[in-house]
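The block underneath contains the structure these notes are about, expressed in structure tokens.
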Amino acid sequence: MTFESVTYESIPHALVSGIAISLLCSAVGLFLVLRKFSLFGDGLAHSAFGGVAFGLFIGVYPLWIACAVAILSALGLTKIRQKFDISSDAIVAILLSTGLGAGVILVGLTEDFEFHDIEEFLFGSAIVDTQNVITILVMTGVILAILFFTYKKL
226 MTFESVTYES IPHALVSGIA ISLLCSAVGL FLVLRKFSLF GDGLAHSAFG
276 GVAFGLFIGV YPLWIACAVA ILSALGLTKI RQKFDISSDA IVAILLSTGL
326 GAGVILVGLT EDFEFHDIEE FLFGSAIVDT QNVITILVMT GVILAILFFT
376 YKKL
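Heads up: take any position in the sequence shown, counting from 1, add 225, and you land on my numbering.
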């Protein structure tokens, strides 16, 4: 990224998006840590990397595949934790290494692979437009409202 792409208009967008995401992550993270799922986000991120690589491999928009893989991983992790007497961190470690390993293998097998393709999905950009800021704020508000109304159950 060059400094020419950072404009005065993009700085408030990045700031608002960053604050909204940090509020959401801290609220959700509290419940994950209390349930001894402190590595849950890390495990899902690494499994989603496998989804991004799979999307690039088959030529489908990687974000949709990554979301599906992350949701399936979360459901699988929860089922395994309920069914077997294995610590959550061990399950997350297995999930993490499997997703990362599968992603690396698929990236190696992908023809016409360009490094910036995977880098764009891994790291993203803090410079967002107004529509993305609105989407982030709406999603943050909805998830925080769900947390607020289901607080006793959680």
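Here a beta-carbon is modelled for each residue, glycine too, at the ideal position from N, C-alpha and C.
- Counting of Cβ neighbours within 10 angstroms places Val329 among the exposed residues, the total staying below 16.
- When the Cα atoms are used, Ile236 and Ser313 turn out to be separated by approximately 39 Å.
- When the alpha-carbon of Ala315 is set against those of Phe265, Ser242, Leu240, Leu369, the nearest one is in Phe265.
- A contact is defined here as three or more CB-CB pairs under 8 Å, and the stretch 278-289 meets this definition with respect to the stretch 341-355.
- Pairing Phe374 with Ser242, the inter-Cα distance amounts to about 23 Å.
- Non-local beta-carbon contacts of Phe282 in its own chain, meaning distances under 6 Å to residues more than five positions away in sequence, involve Leu331, Thr335 in chain order.
- Between Ala273 and Ala299, the C-beta gap is not smaller than 8 Å, which leaves the two residues out of contact.
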